[in-house]
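Undergrad: Numbered according to numbering that gives the first Met the number 0, the sequence shown terminates at residue 130, and the numbering increases by one at each position without gaps. Have a look at this one before I ask anything.
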Amino acid sequence: MAKFSKDVSSSTPKVAEGPFPSPFARKTDYHVSGLSKELRLSTTFDPCPSEKDDEVVVVRGAFKGAEGKVLIGIYRKKYVIHVDKVTRDKSKLVSTLPKVVISKLYLDKDRKAILGKEKIGEAQRRKCKVD
Numbered sequence: 000m001a002k003f004s005k006d007v008s009s010s011t012p013k014v015a016e017g018p019f020p021s022p023f024a025r026k027t028d029y030h031v032s033g034l035s036k037e038l039r040l041s042t043t044f045d046p047c048p049s050e051k052d053d054e055v056v057v058v059r060g061a062f063k064g065a066e067g068k069v070l071i072g073i074y075r076k077k078y079v080i081h082v083d084k085v086t087r088d089k090s091k092l093v094s095t096l097p098k099v100v101i102s103k104l105y106l107d108k109d110r111k112a113i114l115g116k117e118k119i120g121e122a123q124r125r126k127c128k129v130d
């Protein structure tokens with residue numbers, strides 16, 4: 000496939016480093032988790048940024064099916080999440096990362112504001128819909 004824009008690099012190392020020097024606001028967009036089926040039905044957005052104290056279900060790996068686990072930390076600089084009592088050390092002393100689905104949202108004032116905006120937007124879309 001040919002390159003279309005001269006302004007965009009096709010160098011593999013440059014493409015791979017893409018998300019790492021990005022600003023914090025964009026890193027929150029990169030670091031999102033899917034929602035469980037119940038949450039998807041009750042909220043209007045999926046996926047959503049992970050936050051500390053969210054309850055999650057591990058969906059891949061050795062701890063697959065572990066429910067009710069709590070996120071104890073999120074390290075956005077290195078794209079790492081830490082789940083309570085879910086760690087597995089590799090031979091190089093690096094802990095492996097789980098893929099998770101959020102089962103219960105921790106609602107603080109910012110998340111409540113996001114949910115409120117989503118509900119207002121959904122109501123406006125329904126009102127403007129042409130039948």
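For glycine and all other residues, C-beta sits at the position ideal for the given N, C-alpha and C.
#1: Which residue spans inside the region 33–66 form an unbroken alpha helix (DSSP H) run of at least 4?
#2: Going by CA-CA distance only, name the one from T86, F44, R75 that's closest to I119.
#3: Of all the options P12, Y29, G17, Q123, which has the alpha carbon lying nearest to the alpha carbon of I80?
#4: Check for me: the alpha helix (DSSP H) holding L29 runs from which residue to which?
#5: In angstroms, rounded to a whole number, what distance separates the CA positions of A65 and V55?
#6: May I ask you to verify whether the region 29–38 touches the region 99–110, counting CB pairs closer than 8 Å and requiring at least 3?
#7: Please classify S14: does DSSP put it in a helix, a strand, or coil?
#8: Would K111 count as contacting chain C if we go by Cβ distances under 8 Å?
#9: Exposed or buried, V7, counting other C-beta atoms within 10 Å across all chains shown (16 or more means buried)?
#10: Tell me which residue opens and which closes the beta strand (DSSP E) that L70 is part of.
#11: I'd like the span of the beta strand (DSSP E) that includes K103, first residue to last.
#12: For I80, list the residues DSSP reports as bridge partners.
TA: Per the coordinate set shown:
#1: Listed in chain order, the complete alpha helix (DSSP H) runs (minimum 4 residues) inside the region 33–66 are 36–41.
#2: Here the closest residue by C-alpha is F44.
#3: The shortest Cα separation from I80 among P12, Y29, G17, Q123 belongs to Y29.
#4: The sequence shown places Tyr at residue 29, not Leu. Looking at the DSSP string, the run of the alpha helix (DSSP H) that includes Y29 is 23–29.
#5: So the alpha carbons of these two residues sit roughly 8 Å apart.
#6: Counting Cβ pairs under 8 Å, three or more are found: they touch.
#7: Before going further, note that residue 14 is Val rather than Ser in the sequence given. Three-state DSSP puts V14 in a helix.
#8: Considering every chain present, this structure includes no chain C. It has just one protein chain.
#9: Residue burial annotation: V7 is exposed, with fewer than 16 other C-beta atoms found within 10 angstroms of its C-beta.
#10: If you look at L70, you'll find it in the beta strand (DSSP E) that goes 68–74.
#11: From DSSP, the beta strand (DSSP E) with K103 extends over 99–103.
#12: Paired residue(s): I73.
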